[in-house]
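Reminder that position 431 of the sequence shown reads as 591 in this note's numbering, one-by-one numbering, no gaps.
Ideal placement from N, C-alpha and C gives every residue a C-beta, glycine not left out.
Because the structure is a prediction, the values reported are computed rather than measured.
Taking it in order: structure first as structure tokens, then the write-up.
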Amino acid sequence: MSNDDLTHENFDFRGFDVPDLKAVTLASSSDGDQSKQPKTKHEDASKNRKHGKKKSKSDARSKKRAGAGKTSESFDDYEDYEEREAVSKADKKVSKDRPGLFAPMTLREVTVRNRIWLPPMCTYSSFARDGRPTPFHYQHYVSRAFGGFGMVIVESTAVAPEGRITPCDLGLWEDGQIDAWRWIVDGIREAGAVPAIQLNHAGRKASTGCFAVGYDGQSVPEEAGGWPTMAPSEIAFGGLRTPRALSVDEIHGLVGAFAAAAGRAVAAGFQAIQIHAAHGYLISQFLDPLSNERDDEYGGDLTGRSRFLVEVVDAVRGAVPEGVPVLVRISATDWAAGGWDLDQTIALSKVLKEHGVDVMDVSTGGIMSGVSIPVKPNYQVPFSEQVKAKADIPVTAVGLITKPKQAAKILARGEADAVEIGRAALRDPYWPLRAANKLGIPSTEVPYAPQYVAGAY
161 MSNDDLTHEN FDFRGFDVPD LKAVTLASSS DGDQSKQPKT KHEDASKNRK
211 HGKKKSKSDA RSKKRAGAGK TSESFDDYED YEEREAVSKA DKKVSKDRPG
261 LFAPMTLREV TVRNRIWLPP MCTYSSFARD GRPTPFHYQH YVSRAFGGFG
311 MVIVESTAVA PEGRITPCDL GLWEDGQIDA WRWIVDGIRE AGAVPAIQLN
361 HAGRKASTGC FAVGYDGQSV PEEAGGWPTM APSEIAFGGL RTPRALSVDE
411 IHGLVGAFAA AAGRAVAAGF QAIQIHAAHG YLISQFLDPL SNERDDEYGG
461 DLTGRSRFLV EVVDAVRGAV PEGVPVLVRI SATDWAAGGW DLDQTIALSK
511 VLKEHGVDVM DVSTGGIMSG VSIPVKPNYQ VPFSEQVKAK ADIPVTAVGL
561 ITKPKQAAKI LARGEADAVE IGRAALRDPY WPLRAANKLG IPSTEVPYAP
611 QYVAGAY
């Protein structure tokens, strides 16, 4: 696979073993759901041909689809197949009572104009290393708001300077950073989208390199602008520097840091707050027993390991107005035996709902290097479906969702309440407008800015 296929949103698959996609399933040894995958259309078609049945056009399409997973180009094969395939009668039937991609969604006092959201994707472009956004960030986020996205979730934004993933990460750790955000937030809102922001602390995965700094995939030396890292326990991630274990008082201080950053985000005009508890960053490190060996109230069983996140949620919920939605991004599984899994995710999601979380943004992975992750289109959608069904909380789905019909089917089947378009949005800031055209939705029902109506599809 190429490097492009190994990076997705703010999670980097480089350093992980991505196996032949034909040889894996979405179930991991720690997920608790070991049900077999149903037979695919190409398997049934192959069986028919063995019995001498005449090949049909659908057989030919199935044969093409059967080749998916061999190379990075197989993603395009899958997408082309999905684009041509008509929505099945079953999908049409189940979609009657479910919202489509362009149906509005109300969360507390905020109404999002559609179900196509931009996920947080790190750009590592605060080149002054002061956490402040730049004209690049204005162009990046506002263009996608004009492109029709319903919610625009700004990338990982550090609640403390030592919580940055790289020296070039964005931040809201001090009041002096608030004004730098206002013009971007105003631009997103003026374009009709809901501005949201992801708050994060990278923990043991902090102080790493990026394209602007160098030291890609390594810890940045202190003489080059790096810093010592911290975590629940003194366990390093891969080849990164070993962190020191946080004291209980420091944990309490970080809870306050998340709350303070949330307050600054609201002061800057953001309408929704997302807490990053996924992808192996600090909160995720507390959740997973593979990275949390504490024997105090912040370790041990699920209640102890999730205590930090619950306290952060309570603190953030108390720091923002009642009408502001709070989202949590979670890794539904870390794809490692003995680690965080789907059953724990569902149990935690039920608790978070009681503590005022409005949406679970369901992703996977990130706590361990060297694990197998079956990267393919929709590979994370079954996890969002399970969280939605069993925790009874709204969810968003991610995971190589690139085509309009593919995204529409996820909602039609009730697998998620909204979809997040990541990599495809980097290629096409106007993905929602193009999707509407592909799905046959009149341009008058699509969020075109008045300035762009003349160029409507």
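Open item on the list: Please list the terminal residues of the continuous beta strand (DSSP E) segment that includes Leu442.
Closed with: Per DSSP, Leu442 belongs to no beta strand (DSSP E); it is in the alpha helix (DSSP H), Leu442 to Leu447.
Task: Three-state secondary structure (DSSP) of His436 - done: strand
Open item on the list: Do Phe309 and Ile601 count as a contact pair if the criterion is CB distance below 9 Å?
Closed with: no
Open item on the list: Between which two residues does the beta strand (DSSP E) holding Arg614 run?
Closed with: A small correction: the amino acid at residue 614 is Ala; Arg does not occupy that position in the sequence shown. Unbroken run through Ala614: none, as it is neither H nor E.
Task: Of the listed residues Val547, Val312 and Gly559, nearest to Ile344 (C-alpha basis) - done: Val312
Task: Residue burial classification, Lys598 (beta-carbon count within 10 angstroms, cutoff 16) - done: exposed
Task: Ala366 beta carbon less than 9 Å from that of Ile325 - done: yes
TODO: Check Glu383 in the structure and name its three-state DSSP category.
DONE: helix
Task: For Ser532, the three-state DSSP class (helix, strand or coil) - done: strand
Open item on the list: Just list the residues that DSSP pairs Glu580 with in beta bridges.
Closed with: Trp277
Task: Leu487 versus Ala432 - alpha carbon distance - done: 8 Å
Task: Given Val641 as reference, the closest of Phe446, Val541 and Met390 once Cα atoms are compared - done: Nothing about residue 641 can be reported from this structure: the residues present for the chain run from 161 to 617 only.
Task: Start-to-end residues for the alpha helix (DSSP H) that takes in Leu512 - done: Leu502 to Glu514
TODO: Assign Ala576 to buried or exposed, taking buried as 16 or more other Cβ atoms, counted over all protein chains shown, within 10 Å of its Cβ.
DONE: buried
Open item on the list: Among Thr368, Ala596 and Ala419, whose alpha-carbon lies nearest the alpha-carbon of Gln434?
Closed with: Ala419
Open item on the list: Tell me the residue span of the beta strand (DSSP E) that contains Glu315.
Closed with: Met311 to Ala318
Open item on the list: Here's the rule: buried if 16 or more other CB atoms are within 10 angstroms of the residue's CB, otherwise exposed. What is Gln358?
Closed with: buried
- [ ] Could you pull out every residue in the same chain whose Cβ sits closer than 6 Å to the Cβ of Ala305, ignoring the five residues on either side in sequence?
- [x] Val312, Ile348, Ala351 and Ala353
- [ ] Assign Arg340 to buried or exposed, taking buried as 16 or more other Cβ atoms, counted over all protein chains shown, within 10 Å of its Cβ.
- [x] Residue identity differs from the one stated: residue 340 is Ala in this sequence, not Arg. Under this definition Ala340 is a buried residue.
Task: Selection from Lys550, Arg273, Trp495 and Ala549 that minimises the alpha carbon distance to Tyr539 - done: Trp495
Task: beta strand (DSSP E) segment containing Ala475, residue limits - done: Note, Ala475: premise wrong, no beta strand (DSSP E); alpha helix (DSSP H) at Arg467 to Ala479.
Task: One or two residues paired with Pro355 in a DSSP bridge - done: Val312
Task: Pairwise C-alpha distance: Ser529 and Trp500 - done: 14 Å
Task: Member of Thr402, Ala391 and Gly398 whose CA lies at the smallest distance from the CA of Ile411 - done: Ala391
TODO: Could you tell me whether any Cβ in chain B is nearer than 9 Å to the Cβ of Pro542?
DONE: Given the protein chain composition of this structure (a single chain), no chain B is represented.
Open item on the list: What does the alpha-carbon distance come out to for the pair Gly385 and Pro327?
Closed with: 7 Å
Open item on the list: Ignoring anything shorter than 3 residues, give me the beta strand (DSSP E) runs that lie fully in the segment 549 to 606, in order along the chain.
Closed with: 555 to 557 and 578 to 580
- [ ] Kindly indicate which three-state DSSP category Tyr539 falls into: helix, strand or coil?
- [x] coil
Open item on the list: To the nearest angstrom, how far is the alpha carbon of Ala609 from that of Pro564?
Closed with: 20 Å
Task: Three-way DSSP call (helix, strand, coil) for Tyr458 in this model - done: coil
- [ ] Within its chain, find whatever has a CB closer than 6 Å to the CB of Pro607; leave out the 5 residues flanking it on each side and keep chain order.
- [x] Arg273, Gly308 and Gly352
Task: Residue of Gly459, Val535, Arg583 and Asp455 minimising C-alpha distance to Phe446 - done: Gly459
TODO: Would you check if there are 3 or more beta carbon pairs closer than 8 Å linking the segment 514 to 534 to the segment 542 to 561?
DONE: yes
Open item on the list: Give me the residue from Gly574, Ser603 and Leu560 with the minimum Cα distance to Ala585.
Closed with: Leu560
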